[in-house]
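For any residue, its number in our numbering is found by taking its place in the sequence shown, counting from 1, and adding 50.
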Amino acid sequence: MAKKKSSASEQPQESTEETATTSDEQSAQDSTQQQTEGEDVISKQGKSSERLKSAMEEVQGKFGKESVMKLGDIKNVDVEATPTGSISLDYALGVGGVPRGRIVELYGPESSGKTTIALQIVARDQAQGGAVAFVDTEHGLDPSYAQKLGVNTDDLLISQPNTGEEALNIVETLVRTGNLDLVVIDSVAALVPKAEIEGEMGDQQVALQARLMSQALRKLTAITAKARTSIIFTNQTRMKIGTMGYGSPVDTPGGKSLKFYASVRIEIKRIAQIKKGEEVIGSRTRAKVVKNKVAPPFQTAEFDIMYNEGVSYEADLINLAVKAGILQKKGAYIKYGDQNVGQGNEAARQAVKEDPEFANTLYQKIMESPEVLS
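This is the structure in structure tokens:
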């Protein structure tokens, strides 16, 4: 009996040793296979690199050195931007203003401040040494108003074309020179196709403007990026028929191509009047960034546009300083610590305007405040 037990107990031990040996062999085989697979991957990567290099050299030989390159070889640079004249809007855009080399659309109802904002961007671009052209398709630009907003009219190129085709051909020619930093087209709604102008009243011209815009933007997008020229289109809003309560009740003329090709779309709305006694002296304006390819979209900004003055820098400072907790509203008063800045927004605005040193202090504190971006 003892021998049988001994024989039975030795059999599992041999089986365990065989299993261990088999496991070690399998592990070694797996390791060898993984090593072989790794070498194959490295070999394939090397061949892939050589093939990419060969393809890149062939394209560069035909179309130039900058026609194609590896993404990793492109240096990461901050997006260049031109300030809008409103600190709040610059923050909402995420890059400090209107991006260079991109197409931008400013749209909204009539008299909402679109042209004013466009002219303020022109003034800021000129102040930075930029060369600017203004294509006035509405034939309504007021030089004296532009000067009040800071535009150097002596150095501003102005064109007042007769047809949409002429306007867009002029824009293309200006951008292709590579000498312009900014081109403003005011507005899309006034880009009337030649066939419509030469036709009779009542003639049905189906989607002529939309086709014109689509063709132009297909050409402008690439050359704009290459020339590092910003193009700003102003546009109106029109009521849509038959929405039946679904979707937005308004739309913009010119078809859908501008919505697609624009890197930034900003909706401008007048939300309140600013009064001094019974006199209306300005309007509170809301700008919503509805599309943004260079920063997070859907940011909003509110600022004051004063008549014959443009966007109020001082009111913008006060609004942002209150938001950041730098200034406090105590009833009708606006305070800076224990100091009264003014009773009411207009009094506070005048006080900041008359004290450039205090305005600069507010600006520096705003720049250091993370609450402004929240």
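Glycine included, every Cβ here is placed at the ideal spot set by N, Cα and C.
Of the other Cβ atoms in all chains shown, fewer than 16 fall within 10 Å of the Cβ of Ile-321; this residue is therefore exposed. Residue range 214-227 is occupied by the alpha helix (DSSP H) that includes Gly-214.
Fully enclosed alpha helix (DSSP H) runs of no fewer than 4 residues occupy 244-248 of the region 230-255, in order along the chain.
For Thr-271, the CB contacts under 6 angstroms within the same chain, skipping 5 residues up- and downstream, are Tyr-311 in chain order.
Excluding five sequence positions before and after Thr-187, the CB atoms of its chain that fall closer than 6 angstroms to its own CB belong to Ala-217, Ala-240, Leu-241, given in chain order. Burial state of Ser-313 is buried, judged by a 10 Å Cβ sphere holding 16 or more other Cβ atoms.
Nearest in C-alpha terms to Leu-156, of all of Arg-150, Lys-164, Leu-121, is Lys-164. If you draw a straight line from the Cα of Ala-337 to the Cα of Thr-223, it is about 31 angstroms long. Here DSSP, grouped into helix, strand and coil, assigns Thr-134 to coil. Two segments are said to touch when three or more pairs of C-beta atoms, one from each, lie closer than 8 angstroms; by this definition the region 127-140 does not touch the region 295-309. The alpha-carbon of Lys-309 is positioned some 8 angstroms away from that of Arg-315. Per DSSP, the beta bridge partners of Ala-322 are Arg-334. Ala-409 is positioned such that its CB atom lies closer than 8 angstroms to that of Glu-364. Straight across, the Cα-Cα distance linking Lys-343 with Ala-397 is about 39 angstroms. Contact annotation: Val-172 and Val-201 have beta-carbon atoms nearer than 8 angstroms.
One thing to note: Ser-307 has its Cβ within 8 angstroms of the Cβ of Leu-267.
By the C-beta density criterion, Asp-205 is exposed, having fewer than 16 other C-beta atoms within 10 angstroms. Nearest neighbour of Gln-210 by Cα position, chosen from Asp-231, Thr-203, Phe-184, Asp-405, turns out to be Phe-184. Between the C-alpha atoms of Ala-196 and Tyr-141 there is a straight-line separation of about 24 angstroms.
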